[in-house]
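Asks:
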Amino acid sequence: MKIWKKDIDLDVLNKTSENTLIEHLGIRYSEVTDSLLKATMPVCAKTHQPLGMLHGGASVVLAETLGSVAANFCVHDDSFCVGLDINANHIRAVRNGMVTGTAEPVHIGSKTQVWQINIHNDKHQLVCTSRLTVAVMKVKGSK
Numbered sequence: 061m062k063i064w065k066k067d068i069d070l071d072v073l074n075k076t077s078e079n080t081l082i083e084h085l086g087i088r089y090s091e092v093t094d095s096l097l098k099a100t101m102p103v104c105a106k107t108h109q110p111l112g113m114l115h116g117g118a119s120v121v122l123a124e125t126l127g128s129v130a131a132n133f134c135v136h137d138d139s140f141c142v143g144l145d146i147n148a149n150h151i152r153a154v155r156n157g158m159v160t161g162t163a164e165p166v167h168i169g170s171k172t173q174v175w176q177i178n179i180h181n182d183k184h185q186l187v188c189t190s191r192l193t194v195a196v197m198k199v200k201g202s203k
């Protein structure tokens, strides 16, 4: 079942990341289906922590980016979504390559949404699992 209320164009989405933290970390939206959104992020000097492995904060940026963007495509033009809470469990270290995050909805309601974001390495092993809760807000002046 298609969950999106707006069309998603990956090229346009990637263009909106210019001059943001998303672009700085090399996050690229890579796939959209009827019910999920994926993006990749390189594991390199920009995303490493001092021990030379993927920084947990970079994983959280990837997770929150995916969940927030996905949430905003699940509401009509009179609404928008903002983050309320995010948690992350870091499962496996990654030193290089690419990680891929996948955001899938747990709950899409009229006031809140909950998104599960799993991040895998090049070997399809779970690196991080995250849960994002967003508030659905009305644009000023809308009913």
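Counting from 61, one number per residue, gives the positions in the sequence shown under our numbering. Think of the CB as a built atom: it goes at the ideal place given N, C-alpha and C, for glycine as much as any other residue.
(1) Across the segment 169-188 and the segment 114-131, are there enough close Cβ pairs to call them in contact, namely three or more that are closer than 8 Å?
(2) Between which residues of its own chain and R155 is the CB-CB distance below 7 Å, once the five residues before and five after are set aside?
(3) Where H167 and T160 are concerned, what is the direct C-alpha to C-alpha distance, given to the nearest angstrom?
(4) When the distance is taken between beta carbons, is L122 closer than 8 Å to I87?
(5) Can you tell which of G201, L96, N147, V129 has its C-alpha closest to the C-alpha of N74?
(6) Which first and last residues belong to the alpha helix (DSSP H) in which N147 is found?
(7) The alpha helix (DSSP H) that contains G127, what's its start and end?
Replies: To lay it out plainly:
(1) yes
(2) V103, G112, M113
(3) 22 Å
(4) yes
(5) V129
(6) Here N147 belongs to no alpha helix (DSSP H); instead the beta strand (DSSP E) covers 139-150.
(7) 116-132
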